[in-house]
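J.: Taken in order, the sequence shown gives residues -22 to -1, 1 to 336; the numbers are from mature numbering (1 follows the signal peptide of the UniProt record, and there is no 0).
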Amino acid sequence: MKKVFLTLLLAMALSFSFPTDALKAAEILSDSPVSVIFFMPVGSSLDPFIQMCEKGIQVSASLFPDLKIARVYPYSDDYVHEYIKFAAMRGHEYIVGIGSYYADAFDKIADDFPNKNFIVIDGKSNKKNVKSVLFDNKEAGVLAGAVAGILTAGNKVGFIGGRETGIIFDFEKGFAEGVKKHNKKAEIKVKYISKGNDGYSNQKAGFEIADSMYKNGVDIIFAAAGGSGLGAIEAARINRKMIIGVDADQDDLARGIVMTSIIKRLDTSIVNLLQSVATAKYDAKETVYNLGNVGFALSNFTYSKNKIKKGDLDRIYDELFNLKKKYEYSERSKLNDRDENKKKTGRSKYKPGQTFRK
């Protein structure tokens, strides 16, 4: 109960714009020799990405009771580096940011706290004391694209991105590759919701974009859009069309409509991270999760198997098996290079909706 109260207190304090409130809350929680503070993703609690993170933290809290674990729920990513700085000043040894935008926040302050351990999950930093926990989102997109390319009846598929950012571009690139590999005739429609984090929590926009796609001939959509994807699932349900879930197992949200889900094992990454902290085996080396090491998983087609031809289901599982073997190394590093080029030149060579060609 005490841990829950303190977690809520810190979350409330850091959601305000007053540094003194954040300082007081951080100080309360910094009395443990091993203190881990999580800066959670910006967005709705309905976001499957956030739900998987919560699951990982909850499991870790039960497995490693000696760790003092706190959460902070920012309303936006504005000035978040200042809140992180306050937490570092008050003694937290391990400071975790979940979301690619935390990489920039850590980069701003990491040099000021060389003895602190910063960790960014689903983002990349080049600072020595910032550990990057990465997911091969391009590989996951390939799997989603394979499912869409195999299952589409009208050769029209859709991709909805939550935010115009490198991680979602990776999903889109992989999706296009997977579709074309299995269905060269398929046409791919692409739409992004926003350039900011609000793109992950706009169910109305998710619904409207998906509804428009379905009404214009698309029969299956993959929405890499966090909580906005719930709107897309509702549009699929109303239009009686297919959709692929993301981040968590969403098959139950619209049975027989959500054909399968690309599950991003954020929970596993958090448990593994905190196990390394609890057992004094933590290091700042980059960690990459992919299909080969269970960084992603495919849900069990629990409510859609009877709608899929056995031959098509076999093709999907064959693709899953082949991806586990093939993508030991992905184009993730090239995509990161693209993002670095954007920082240097002020622009990226990649445009939303563009399909890369090898």
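A virtual CB, placed ideally from N, CA and C, is assigned to each residue, including glycine.
Treat the numbers as computed from the prediction; the structure is a model and nothing was measured.
1) Inspect the beta-carbon positions of V135 and I198 and report whether they are closer than 7 Å.
2) Report, in whole angstroms, the separation of the C-beta atoms of S282 and G234, which I expect to be a contact under 8 Å.
3) Would you report the Cα separation of K163 and G132, rounded to the nearest angstrom?
4) Tell me where the beta strand (DSSP E) around R49 begins and ends.
5) Assign T(-16) to one of two classes, buried (16 or more other C-beta atoms within 10 Å of its C-beta) or exposed (fewer than that).
6) Going along the chain, which residues of its own chain have a beta-carbon closer than 7 Å to the beta-carbon of L301, five neighbours each way excluded?
7) I'd like to check one pair, A275 with I241: are the Cβ atoms closer than 7 Å?
8) In the DSSP assignment, what residue or residues form a beta bridge with G156?
9) Within 10 angstroms of its Cβ, does E264 collect 16 or more other Cβ (buried), or is it exposed?
10) Might you give, ordered along the chain, the residues of its own chain that have their beta carbon closer than 7 Å to the beta carbon of A213, omitting 5 neighbours on each side?
11) Pick from K86, G69, F149: whose alpha carbon is nearest that of D100?
12) Excluding sequence positions up to five away, which residues of its chain have a Cβ less than 8 Å from the Cβ of P26?
13) Residues in the same chain with beta-carbon distance under 6 Å from G75, minus the five sequence neighbours each way, listed in chain order, please.
14) Going by C-alpha distance, which of N115, I62, L112 is nearest E71?
15) Given a cut-off of 7 Å on the beta-carbon distance, is the pair I15 and V125 in contact?
16) Tell me, to the nearest whole angstrom, how far the beta carbon of V58 is from that of A83; I am working on the premise that it is less than 8 Å.
17) Ends of the beta strand (DSSP E) at I286?
18) Expressed to the nearest angstrom, what Euclidean distance is found between the alpha-carbon atoms of F113 and V20?
19) Just list the alpha helix (DSSP H) runs in the region 99 to 137, keeping only unbroken ones of 4 residues or longer that don't cross its boundaries, in chain order.
20) Among G140, Y79, I286, D296, whose alpha-carbon lies nearest the alpha-carbon of S172?
21) Tell me the DSSP secondary structure of S311 in three-state form.
22) Where do the N-terminal and C-terminal ends of the beta strand (DSSP E) with V266 fall, by residue?
23) In whole angstroms, what is the alpha-carbon distance linking V272 and R243?
24) So F137 and I166 are in contact, right, with Cβ under 8 Å, and what is the actual spacing, rounded?
25) Could you spell out where the alpha helix (DSSP H) holding G207 opens and where it closes?
26) On a CA-only basis, which of A66, N217, I211, N175 is nearest G195? Give me that one, please.
27) List, from N- to C-terminal side, the beta strand (DSSP E) runs of 3 residues or more that fit wholly inside the region 12 to 88.
28) For I28, tell me which candidate among Y178, G174, L41, E60 has the shortest Cα-Cα distance.
29) If I'm right that S78 touches I145 with Cβ under 8 Å, what's the distance once you round it to whole angstroms?
30) Would residue 357 pass as a contact of K102 if the rule is Cβ separation under 7 Å?
31) In three-state DSSP terms, what is R141?
32) Between which two residues does the beta strand (DSSP E) harbouring S172 extend?
T.: In terms of the structure at hand:
1) yes
2) 6 Å
3) 10 Å
4) 46 to 50
5) With a pLDDT of 43 at T(-16), under the threshold of 50, the modelled position of this residue cannot be trusted; read the value that follows with caution. It counts as buried.
6) E117, V120, L121, L269
7) yes
8) DSSP, once it has assigned bridges, lists no residue as partnering G156.
9) exposed
10) F185, A188, D189, Y192
11) F149
12) G204, G205, G207, G223, V224, D225, A226, Q228
13) F17, V98
14) I62
15) no
16) 5 Å
17) Counting along the chain, no beta strand (DSSP E) covers I286, and no H or E run does either.
18) 18 Å
19) 115 to 129
20) Of G140, Y79, I286, D296, the residue nearest in Cα terms is G140.
21) Note that S311 scores a pLDDT of 37, beneath 50, so its modelled location is shaky; the value from the coordinates is reported in the next line. Correct three-state label for S311: helix.
22) 265 to 267
23) Put simply, the backbone Cα of V272 is about 7 Å away from that of R243.
24) 6 Å
25) Residues 207 to 217.
26) N217
27) 13 to 17, 46 to 50, 72 to 76
28) Ranked by how close their Cα comes to the Cα of I28, the residues Y178, G174, L41, E60 have Y178 in first place.
29) The beta-carbon separation of S78 and I145, rounded to 5 Å, stays under the 8 Å limit for a contact.
30) Nothing can be reported for residue 357, as the shown portion of the chain is limited to -22 through 336.
31) Secondary structure of R141 (DSSP, three-state): strand.
32) Per DSSP, the continuous beta strand (DSSP E) segment holding S172 begins and ends at 165 to 172.
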